[in-house]
Amino acid sequence: MIDRRSLMASAVALGASAAVSGSALARGAKMKPIDPRFPEGFLWGAATAAHQIEGNNLNADLWVIENVPGTIFAERSGDAANSFELWPVDLDLVKGMGLNSYRFSLEWARIEPDEGHFSNAMLDHYKAMIEGCRARGLKPVVTFNHFTTPRWFAAKGGWHNPESPALFARFCDRSARHLAAGIELATTLNEPNLAGVIGEILPPQLLAGDKATQEAAAKQLGVPLYTPGVSLYIKDPKTYRANMMEGHRRGVAAIKAVRPDLPVGVSLAILDDQAVGKNSMRDQIRERYYNEWLRLARETCDFIGVQNYERKVWNAKGPLPAPADARRNAGGIEVWPGSLAGAVRYAYEVTKLPVYVTEHGVNSDDDALRQWLIPAALAELKRTMDDGVPVRGYFHWSLIDNFEWGFGYHHRFGLHSFDRETFKRTAKPSAEMLGSIARRNSL
Ligand code: BGC
């Protein structure tokens, strides 16, 4: 169930009222020609997250949620792509495509399996990955926390806990002391801007299902509140968001204290929200979903990570439905290549920070859609760069099909597929499509 992005889009589509034309790209075609060359040093990468590919992440908050009787999750993460063992194979895939960078995350639940007990062996594991990147000429971009937290942290209420910012900062400090030397770019949290607000636009039965699953987990563990890092239902959104923001601030400070020259940012989920007609709701939506975090990023970060998968067009009453001829992802949501550039432009307008696209991709079993999307989206991104927006890198989500949270393995974003029994990876044609652009450093 919990594909937050598709849910967000389908939920807002419920209120839709009129059709919108997909003509912005066509309008773009009349503009000045795009310079196909990307700047020297541009980062070309693929992205993953630990819980979604590593497998057997037993101490993570979600392991409890996925396995509790009556869970709202479609299936358990289980072995995932077994990347905890097979990370060298994954790095070879990145290298083999001709990319020059890899974005992956640290798993807090492995590094600090019990509160205050840090595992040097696990820190060494991630150090080996960082060194493995460097040995292959890949620049490691490391997300310190991609949604999942340790189960002991969730059992203390997760980000509701007043100690949560300090606990996260301590994790950042320990990890940075072990790992920062080899990292190219670091981000603190993944898409924290959706936490606590996404529930507002979801069908109530989903929130109720998520709440019931959390309550079942709390009961099983004998704690009053169990809140995992991936939650649709948040008991007290205000406190939760404030703690995440403070956690980010202290996390940045902890990493910078170890290595002041390491660029640190945060990755936000940003739709390309477009305004039509008089009194469009667009600006209200932006204020609610992104601006608080964009402003925090402006104050605290060296760069902003933008993660975009779609656009939404808003009039005064709500979102408009996609054009009838729109191409659609596996969840029925419009796939529109210009959305990435739109989201990037907006993030830059507010923050004035250099931008890295830390995620962009499509949920589809039809790789032709991915092959169409990648060059078209990159062309619009490059047009934005030609207009002066400083975009420094592009990371496709995802290197490999993976555990798509509540949807399990049924939603596939990978440039590679893998066999659930043998874990053998197979490239999809889109891997070569992205690789060829990266190798040329040109559209
Ligand atoms: C997340 C990923 C997720 C992807 C596709 C982002 O929300 O960072 O974990 O798999 O989008 O939904």
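Here the sequence shown stands for residues -26 to -1, 1 to 417, where the numbers follow mature numbering (1 follows the signal peptide of the UniProt record, and there is no 0).
Beta carbons are placed, not taken as given, at the ideal position from N, Cα and C, and that holds for glycine.
Presumed contact (8 Å Cβ cut-off) between residue i and residue j, rounded CB distance
| i | j | result |
| --- | --- | --- |
| H384 | A48 | 6 Å |
| V280 | A321 | 5 Å |
| L17 | K113 | 6 Å |
| S75 | G15 | No, S75 and G15 are not in contact; Cβ-Cβ is about 11 Å, not under 8 Å. |
| V318 | T358 | 6 Å |
| R233 | A154 | 4 Å |
| V116 | I157 | 5 Å |
| D9 | D360 | 6 Å |
| residue 425 | D247 | Beyond the ends of the chain as shown, which are -26 and 417, falls residue 425; an answer cannot be given. |
Cβ-based neighbour list, residue i, same chain, cut-off 8 Å, excluding 5 preceding and 5 following
| i | result |
| --- | --- |
| A290 | G251, K252, N253, S254, M255 |
| D66 | R110 |
| D276 | P237, V238, G239, L327, P328 |
| H390 | L67, L373, I374, D375, R399, T400, A401, K402, A405 |
| R302 | A296, E308, V309 |
| R223 | P139, L270, T274 |
Cβ neighbours of residue i in the same chain (closer than 6 Å, five flanking residues each side left out)
| i | result |
| --- | --- |
| W310 | R285 |
| R344 | V336, S404 |
| D184 | I46, L206, Y207 |
| A(-1) | Caution is warranted here: a pLDDT of 45 is assigned to A(-1), below 50, making its placement in the model unreliable, and the coordinate value is therefore given only provisionally. Around A(-1): no qualifying Cβ. |
| F118 | L80, C146, T162 |
Cβ-based burial, residue i [other Cβ within 10 Å; buried from 16]
| i | result |
| --- | --- |
| G362 | exposed |
| S410 | exposed |
| K212 | exposed |
| G306 | exposed |
| K193 | exposed |
| M219 | buried |
| H120 | buried |
| N94 | exposed |
| G70 | exposed |
| S(-4) | For S(-4), the pLDDT reaches just 40, beneath the cut-off of 50, and the residue's location in the model is therefore unreliable, although a value from the coordinates is still provided. By the neighbour-count rule (16 or more Cβ atoms within 10 Å), S(-4) is not buried but exposed. |
| A271 | buried |
| A160 | buried |
| P178 | exposed |
| G367 | buried |
| T396 | exposed |
| E261 | exposed |
| P7 | exposed |
| A298 | exposed |
| M96 | buried |
| R77 | buried |
| Q188 | buried |
Close-in-space but distant-in-sequence residues of the same chain around residue i (CB under 7 Å, 5 per side omitted)
| i | result |
| --- | --- |
| D341 | K402, P403, S404 |
| W126 | D88, E89 |
| A129 | L195, V197, Y200 |
| E165 | S241, L242, A243, Q281 |
| Y100 | L80, L153 |
| Y263 | N167, V171 |
| F92 | I85, E86, R148 |
| W371 | A21, E333, H334, G335, F387 |
| I259 | D247, W288 |
Whole-angstrom distance between residue j and residue i, CA atom to CA atom
| i | j | result |
| --- | --- | --- |
| Q26 | P13 | 32 Å |
| W379 | R110 | 30 Å |
| G29 | L60 | 10 Å |
| S138 | N167 | 17 Å |
| S(-6) | A353 | Below a pLDDT of 50, predicted positions are generally treated as unreliable, and S(-6), at 37, falls in that range; no measurement from the model is reported. |
| A143 | L73 | 32 Å |
| R50 | A191 | 14 Å |
| P136 | A150 | 23 Å |
| L355 | G312 | 8 Å |
| residue 440 | I229 | Since the displayed the chain opens at -26 and closes at 417, residue 440 lies outside it and no answer follows. |
| T122 | A24 | 9 Å |
| P364 | A186 | 44 Å |
| N56 | R394 | 9 Å |
| residue 473 | E323 | With the chain covering only -26 through 417, there is no way to say anything about residue 473. |
| P202 | D210 | 13 Å |
| Y330 | M103 | 21 Å |
| D339 | T22 | 18 Å |
| P349 | N415 | 12 Å |
| residue 462 | G131 | Absent from the structure is residue 462, since the part of the chain shown begins at -26 and ends at 417. |
| E40 | F387 | 21 Å |
| L417 | A351 | 10 Å |
| L141 | F58 | 24 Å |
| V204 | V42 | 15 Å |
| A216 | W267 | 11 Å |
| D235 | V226 | 12 Å |
| A304 | A231 | 44 Å |
| residue 419 | A412 | Beyond the ends of the chain as shown, which are -26 and 417, falls residue 419; an answer cannot be given. |
| F381 | A34 | 18 Å |
| G221 | P62 | 31 Å |
| V38 | M5 | 53 Å |
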